[in-house]
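Q: Residue numbers (this note's numbering): 2 to 116.
Below is a structure I'd like to ask you about.
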Amino acid sequence: MASLLTFLVAGTLLVAVDGHLLRRSGTAYLRELGSTAAPLNQLVTVVFHLATLGLVALIAILPMDLGGEPKTVVGRIGALLLVLAAAHAVTIWSFGRIRARHESEILTAEVARRS
């Protein structure tokens, strides 16, 4: 039971820290979108938090015995870090897609205006 709580606390903290970093970088990355930047950033980071917290819960209940509680907790945290790295990459990719779409819309509008 103690190892489960240890993992849940550590996992929740890791998700919170990574989510905070994503929110800050998303704010800077999407700044050129103007008034739509904050709501889009919030939407993407909320999805990140919900998905990764769900994965923390799933990893916590996976049957895993690595030869003792400390090794099992470390194994679970290792699995979580790999999942967080993938989720972080997908979130950054999402910010890039949002920004690229915005830039494309601006260029399309500029071309239409000049035509």
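Yeah, the Cβ is synthetic: ideal placement off N, Cα and C, and Gly gets one too.
None of the values given here were measured: they were computed from a predicted structure.
Under 8 Å: do the stretch 25-41 and the stretch 4-17 share three or more Cβ pairs, one atom per stretch?
A: No, because fewer than three Cβ pairs between the stretch 25-41 and the stretch 4-17 fall closer than 8 Å, the two stretches do not touch.
Q: Along the alpha helix (DSSP H) that carries T46, what are the first and last residues, could you check?
A: Taking the sequence shown and counting its residues from 1, one reaches residue 46 at position 45. Unbroken alpha helix (DSSP H) run through T46: A38 to I62.
Q: In whole angstroms, what separates the C-alpha of D66 from that of V18?
A: Counted from its first residue, the sequence shown places residue 66 at position 65. Counted from its first residue, the sequence shown places residue 18 at position 17. Spanning the two alpha carbons is a distance of roughly 27 Å.
Q: H89 to L22, Cα distance in whole Å?
A: To locate residue 89, count along the sequence shown from 1; it is residue 88. To locate residue 22, count along the sequence shown from 1; it is residue 21. If you take the alpha carbons of H89 and L22, they lie about 10 Å apart.
Q: When the Cα atoms are used, what is the spatial distance from L108 to R102?
A: One-based indexing of the sequence shown puts residue 108 at position 107. One-based indexing of the sequence shown puts residue 102 at position 101. Their backbone Cα atoms lie some 10 Å apart in a straight line.
Q: Return the chain-ordered list of same chain residues with a C-beta closer than 8 Å to the C-beta of T46, the five sequence neighbours on each side being excluded.
A: In the sequence shown, residue 46 corresponds to position 45, counting from 1. G20, L23, R24, G27 and T92, listed in sequence order.
Q: Relative to the alpha-carbon of Q43, which residue among G55, A29 and L56 has its alpha-carbon at the smallest distance?
A: To locate residue 43, count along the sequence shown from 1; it is residue 42. The residue with the shortest Cα to Cα distance from Q43 is A29.
Q: L67 by DSSP, collapsed to three states: which one?
A: On the sequence shown, residue 67 is found 66 positions in, with the first residue counted as 1. If DSSP states are grouped into helix, strand and coil, L67 belongs with coil.
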